[in-house]
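Under the numbering used here, the first residue of the sequence shown carries the number 184, and numbering increases by one thereafter.
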Amino acid sequence: MAVDEKTLYSALEAHFKDAVITLVDTAGDNDHWAASITSSAFQGKSRIMQHRMVQDAVKHLQIHALSITTKTP
Numbered sequence: 184m185a186v187d188e189k190t191l192y193s194a195l196e197a198h199f200k201d202a203v204i205t206l207v208d209t210a211g212d213n214d215h216w217a218a219s220i221t222s223s224a225f226q227g228k229s230r231i232m233q234h235r236m237v238q239d240a241v242k243h244l245q246i247h248a249l250s251i252t253t254k255t256p
């Protein structure tokens, strides 16, 4: 099931209040996304934990593919 940009952005923003979020619909089908998220919530966390945090934020959405890039400010 496709997820529009606004829905995905809102889900991420709800979990990462201070985040700078960039989303790219990589296939133009609202089903394959690349997300770049910069947030202080990632401070001191391993990359795997950061990605799990993002996956938890969007687990209620039915996204076919999500490429994740995380950074700290």
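Here a beta-carbon is modelled for each residue, glycine too, at the ideal position from N, C-alpha and C.
Bridge-paired residues (DSSP) for residue i
| i | result |
| --- | --- |
| alanine 248 | His215 |
| threonine 221 | Val203, Lys254 |
Contact belief for residue i with residue j at Cβ below 8 Å, rounded distance in angstroms
| i | j | result |
| --- | --- | --- |
| threonine 255 | serine 219 | Rounded, the Cβ-Cβ distance is 13 Å, inconsistent with contact. |
| alanine 259 | leucine 191 | Residue 259 lies beyond the stretch modelled for the chain, which goes from 184 to 256, so this question has no answer here. |
Where residue i falls, given that 16 or more other Cβ within 10 Å makes a residue buried
| i | result |
| --- | --- |
| valine 241 | buried |
Residue range of the unbroken beta strand (DSSP E) whose run includes residue i
| i | result |
| --- | --- |
| valine 237 | It is not in any beta strand (DSSP E) - valine 237 instead sits in the alpha helix (DSSP H) that spans 230-241. |
| threonine 155 | In this structure the chain extends from 184 to 256, so residue 155 is not present and cannot be described. |
Min CB distance residue i to chain D below 9 Å
| i | result |
| --- | --- |
| alanine 240 | The structure shown contains no chain D, having only a single protein chain. |
Start-to-end residues for the alpha helix (DSSP H) that takes in residue i
| i | result |
| --- | --- |
| threonine 190 | 188-198 |
Own chain partners of residue i with C-beta closer than 6 Å, once the 5 adjacent residues on each side are dropped
| i | result |
| --- | --- |
| threonine 205 | Ser219 |
| glutamate 188 | Leu206 |
Neighbourhood of residue i by C-beta, 8 Å cutoff - its chain only, sequence neighbours within 5 removed
| i | result |
| --- | --- |
| histidine 247 | Asp214, His215 |
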